[in-house]
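Notes to accompany the following structure.
Residue numbers (my numbering): 326 to 423.
As C-alpha cells, this is what we get:
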C-alpha cells in the first residue's frame with residue numbers, strides 16, 4: 326500500500342488520480358473528496374456524505390405534537406399544526422400525558 330504514484334495538476338487545478346489508487350479507495354467519477362493541508366503535503370480522502378432529509382408539513386406536525394413536554398406546550402403545538410393547514414387529530418403522535 327505504501328507504493329508511490331504520481332499525478333498531474335491541470336490548468337484549472339484538476340488533479341488526475343492514478344487508476345490503481347482510484348480503484349483501491351473506491352473513487353469513481355463524481356465521488357466527493359476532502360482535502361486537508363498537512364506538514365507532508367495535501368491529504369486527499371473520500372468524503373462521508375449524509376443525505377439531507379427535507380421535512381414536509383406532516384412530518385413537522387408530528388415532531389411538534391410528539392415533542393410537546395406538557396399540556397400547555399401541546400396546545401401550542403396543536404395551534405401551530407393548524408397553521409400548517411393540518412388537523413392535529415389526523416397526525417400520528419403521542420400526547421404528552423399518554
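Using N, Cα and C, we set each Cβ at its ideal position, and we do this for glycine too. Please read these numbers as outputs of a predicted model, since none were measured by experiment.
When C-alpha distances from residue 345 are compared across 338, 408 and 327, the shortest belongs to 327. Note on geometry: alpha-carbon atoms of residue 365 and residue 336 lie some 23 Å from one another. Excluding sequence positions up to five before and after residue 403, its CB lies within less than 8 Å of the CB of 390 and 413, all in the same chain and listed in chain order. At a cut-off of 3 residues, the continuous stretches assigned as beta strand (DSSP E) that sit fully inside the region 355-395 are 358-363 and 366-371.
Approximately 18 Å separates the beta-carbon atoms of residue 418 and residue 378; this is outside 8 Å, ruling out the contact. Scanning its chain for C-beta atoms nearer than 6 Å, with the 5 sequence neighbours on each side dropped, one finds around residue 405 the residues 389, in chain order.
When the five nearest sequence neighbours on each side are left out, the beta carbons in the same chain lying within less than 7 Å of the beta carbon of residue 343 are those of 330 and 332, in order along the chain.
No Cβ-Cβ contact shorter than 8 Å links residue 383 with residue 340.
Residue 380 sits exposed, since fewer than 16 C-beta atoms from the chains shown fall within 10 Å of its C-beta.
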